[in-house]
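Visitor: Below: one structure in structure tokens.
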Amino acid sequence: MFQQLLKDTESIARDRHSRLHDRALRMKPAAPAATRQVLCLLESIHASRAKGESFAAIAAELNKQGLTGPYGGRWYASSVWHYLQRRS
């Protein structure tokens with residue numbers, strides 16, 4: 004019984020690995036223009052922080068410029084902070 008359970012577990016792990024590998028092969032790399040846009044945004048946010056601007060002030064400026072937030076909506080102080088944490 005234990006041997007069968009072990010075989011089943013190995014089979015499940017192999018199948019999952021195969022599905023993840025297939026999904027990774029289907030993923031498309033980011034377009035160069037999108038990558039440049041993210042880098043420019045990140046540089047802008049870092050420069051603003053270096054000048055001593057608050058996260059709220061940075062968010063207000065990004066919203067004023069019409070840039071959408073990470074999830075397609077408005078920027079908030081917390082979204083600027085999280086953006087820096089993820090990208091830095």
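Going by our numbering, the first residue of the sequence shown is number 4, and it counts up by one from there. All C-beta atoms in this analysis are idealised placements derived from N, C-alpha and C, irrespective of residue type, glycine included.
Quick one, which of S82, Q6, K54 and A53 has its alpha-carbon nearest A63's?
Guide: Residue mapping note: residue 63 aligns to position 60 of the sequence shown, counting from 1. Considering only alpha carbons, the answer is S82.
Visitor: Evaluate I48 with the Cβ neighbour count: other Cβ atoms within 10 Å of its Cβ, from every protein chain shown; 16 or more gives buried, anything less gives exposed.
Guide: One-based indexing of the sequence shown puts residue 48 at position 45. When all chains shown are included, I48 counts as buried.
Visitor: Give me the Cβ distance between W78 and G69, rounded to the nearest whole Å; I'm assuming they're in contact under 8 Å.
Guide: Locating residue 78 in the sequence shown gives position 75, where the first residue counts as 1. Locating residue 69 in the sequence shown gives position 66, where the first residue counts as 1. Incorrect: roughly 11 Å between the Cβ atoms, too far for contact.
Visitor: Closest by CA to F58, which one among L44, G75, W84 and L45?
Guide: For this step, residue 58 is matched to residue 55 along the sequence shown. F58 has its Cα closest to that of W84, out of L44, G75, W84 and L45.
Visitor: Cβ atoms of L42 and R90: under 7 Å apart, would you say?
Guide: As a working note, residue 90 is residue 87 in the sequence shown. As a working note, residue 42 is residue 39 in the sequence shown. No, Cβ-Cβ distance for R90 and L42 is not below 7 Å.
Visitor: Return the residue from the list L87, R39, Q40 and Y74 that minimises the CA-CA distance to I61.
Guide: To locate residue 61, count along the sequence shown from 1; it is residue 58. It is L87.
Visitor: Among the residues of its own chain, which have a CB less than 6 Å from the CB of S51, if the five just before and after it don't count?
Guide: As a working note, residue 51 is residue 48 in the sequence shown. Around S51: I61.
Visitor: Mapping the DSSP letters down to three states, classify E64 as helix, strand or coil.
Guide: As a position in the sequence shown, residue 64 is number 61, starting the count at 1. Of the three classes helix, strand and coil, the one that applies to E64 here is helix, per DSSP.
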